[in-house]
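For the sequence shown, counting from 1, position 44 maps to 44 in this note's numbering; every step adds exactly one. Virtual Cβ for every residue (Gly too), placed ideally from N, Cα, C. Here's the structure, in C-alpha coordinates; my notes come after.
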Amino acid sequence: MRVGNQLFRVEAASGEKAREIGLSRRATLPADAGMWFVMPHPDWHGFWMKDMAFPIDLVWISPDRTVVDVLGLKPCTTQPCSIHYPPSPVAYVLEINAHHFTGKHGDRVEWFCTPLPTP
(Lines of atoms letter the chains of each structure in order from A and count residues from 1; the text may use other names and numbers.)
(Lines give C-alpha, C1' and ligand atoms only; values in the text may rest on other atoms or scores of the structure.)
Protein backbone atom coordinates (compact mmCIF):
# COMPACT_ATOMS: atom_id res chain seq x y z
CA MET A 1 0.00 0.00 0.00
CA ARG A 2 1.25 3.49 -0.80
CA VAL A 3 0.17 6.52 1.21
CA GLY A 4 1.75 9.64 -0.22
CA ASN A 5 5.39 8.60 -0.55
CA GLN A 6 5.32 5.84 2.09
CA LEU A 7 4.93 2.11 1.46
CA PHE A 8 3.39 -0.32 3.94
CA ARG A 9 2.81 -4.06 3.79
CA VAL A 10 -0.74 -4.46 5.04
CA GLU A 11 -3.09 -7.18 6.11
CA ALA A 12 -6.69 -6.52 5.09
CA ALA A 13 -9.47 -6.55 7.68
CA SER A 14 -12.58 -6.58 5.53
CA GLY A 15 -14.91 -8.90 7.44
CA GLU A 16 -16.84 -7.82 10.53
CA LYS A 17 -14.91 -10.08 12.94
CA ALA A 18 -11.52 -9.08 11.48
CA ARG A 19 -12.42 -5.40 11.81
CA GLU A 20 -13.55 -5.91 15.40
CA ILE A 21 -10.29 -7.63 16.45
CA GLY A 22 -7.91 -5.53 14.34
CA LEU A 23 -4.40 -5.50 15.78
CA SER A 24 -5.54 -6.29 19.31
CA ARG A 25 -3.96 -9.28 21.03
CA ARG A 26 -0.73 -8.85 19.04
CA ALA A 27 2.50 -8.13 20.87
CA THR A 28 4.18 -6.13 18.09
CA LEU A 29 3.91 -5.03 14.48
CA PRO A 30 6.83 -4.95 12.00
CA ALA A 31 7.98 -1.39 11.24
CA ASP A 32 6.74 -1.35 7.63
CA ALA A 33 3.51 -3.26 8.28
CA GLY A 34 -0.04 -2.31 9.09
CA MET A 35 -3.67 -3.31 9.02
CA TRP A 36 -6.00 -2.02 6.29
CA PHE A 37 -9.65 -1.76 7.34
CA VAL A 38 -12.17 -1.89 4.50
CA MET A 39 -15.50 -0.62 5.76
CA PRO A 40 -18.85 -1.85 4.39
CA HIS A 41 -19.87 1.77 3.60
CA PRO A 42 -18.56 5.29 4.31
CA ASP A 43 -19.49 6.46 7.80
CA TRP A 44 -18.12 7.84 11.08
CA HIS A 45 -16.68 4.43 12.08
CA GLY A 46 -15.44 4.32 15.67
CA PHE A 47 -12.18 2.68 16.79
CA TRP A 48 -10.94 1.76 20.23
CA MET A 49 -7.70 0.46 21.73
CA LYS A 50 -9.11 -2.49 23.66
CA ASP A 51 -6.55 -5.29 24.19
CA MET A 52 -3.83 -3.37 22.34
CA ALA A 53 -0.23 -3.87 23.46
CA PHE A 54 1.42 -0.98 21.59
CA PRO A 55 0.58 2.55 20.40
CA ILE A 56 -0.51 3.15 16.81
CA ASP A 57 -1.20 5.83 14.26
CA LEU A 58 -4.76 5.62 12.96
CA VAL A 59 -5.01 7.04 9.44
CA TRP A 60 -8.56 7.95 8.40
CA ILE A 61 -9.13 7.59 4.62
CA SER A 62 -12.03 8.99 2.61
CA PRO A 63 -14.09 7.12 -0.01
CA ASP A 64 -12.05 8.89 -2.71
CA ARG A 65 -8.89 7.35 -1.18
CA THR A 66 -7.26 10.42 0.33
CA VAL A 67 -6.04 10.93 3.89
CA VAL A 68 -8.62 12.78 5.98
CA ASP A 69 -6.76 12.84 9.31
CA VAL A 70 -4.27 10.98 11.49
CA LEU A 71 -4.69 10.19 15.16
CA GLY A 72 -2.01 8.80 17.47
CA LEU A 73 -3.44 6.37 20.03
CA LYS A 74 -2.04 4.63 23.11
CA PRO A 75 -3.30 1.30 24.48
CA CYS A 76 -6.40 1.56 26.65
CA THR A 77 -5.60 1.20 30.36
CA THR A 78 -9.01 2.00 31.85
CA GLN A 79 -12.47 0.58 31.25
CA PRO A 80 -14.49 1.36 29.33
CA CYS A 81 -12.07 2.22 26.52
CA SER A 82 -12.68 5.48 24.65
CA ILE A 83 -14.06 5.25 21.14
CA HIS A 84 -12.39 7.50 18.56
CA TYR A 85 -14.25 8.79 15.49
CA PRO A 86 -13.01 10.36 12.25
CA PRO A 87 -13.75 14.02 11.46
CA SER A 88 -15.79 12.99 8.40
CA PRO A 89 -17.15 9.75 6.94
CA VAL A 90 -14.41 7.30 5.98
CA ALA A 91 -14.38 4.16 3.86
CA TYR A 92 -10.96 2.91 4.94
CA VAL A 93 -8.67 3.07 7.95
CA LEU A 94 -4.98 2.23 8.18
CA GLU A 95 -3.39 1.22 11.48
CA ILE A 96 0.41 1.38 11.70
CA ASN A 97 3.02 1.71 14.44
CA ALA A 98 2.91 5.04 16.27
CA HIS A 99 5.04 7.83 14.81
CA HIS A 100 5.68 5.92 11.55
CA PHE A 101 3.25 7.99 9.48
CA THR A 102 4.90 10.97 7.81
CA GLY A 103 2.06 11.84 5.44
CA LYS A 104 -0.51 14.59 5.59
CA HIS A 105 -4.15 15.45 4.94
CA GLY A 106 -4.97 15.03 1.26
CA ASP A 107 -2.26 12.44 0.49
CA ARG A 108 -3.40 9.92 -2.11
CA VAL A 109 -3.78 6.26 -1.03
CA GLU A 110 -3.18 3.39 -3.45
CA TRP A 111 -3.07 -0.32 -2.92
CA PHE A 112 -1.80 -3.15 -5.04
CA CYS A 113 -1.23 -6.87 -4.65
CA THR A 114 2.12 -8.50 -5.04
CA PRO A 115 2.84 -12.22 -4.96
CA LEU A 116 4.07 -13.64 -1.70
CA PRO A 117 7.63 -14.96 -1.81
CA THR A 118 7.94 -18.71 -2.26
CA PRO A 119 9.17 -20.39 0.94
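Same chain, Cβ closer than 8 Å to R44, neighbours up to 5 away in sequence not counted: Residue mapping note: residue 44 aligns to position 44 of the sequence shown, counting from 1. The amino acid at residue 44 is misidentified as Arg; the sequence shows Trp. Same-chain partners within the cutoff: Y85, P86, S88, P89 and V90.
Can you grab the Cα-Cα spacing for the pair P30 / V93, in whole Å? Here residue 30 corresponds to residue number 30 of the sequence shown, with the count starting at 1. Here residue 93 corresponds to residue number 93 of the sequence shown, with the count starting at 1. The straight-line gap from Cα to Cα measures roughly 18 Å.
From what residue to what residue does the beta strand (DSSP E) around I61 run? Sequence index remark: in the sequence shown, residue 61 carries index 61 (1-based). Element bounds for I61: I56 to I61.
DSSP three-state label for P18, please. By one-based count along the sequence shown, residue 18 stands at place 18. Before going further, note that residue 18 is Ala rather than Pro in the sequence given. For A18, the three-state secondary structure derived from DSSP is helix.
Leaving out the 5 sequence neighbours to the left and right, which residues in its chain are closer than 7 Å to R9 when beta-carbon positions are compared? Taking the first residue of the sequence shown as position 1, residue 9 is located at position 9. Result list for R9: D32 and A33, in chain order.
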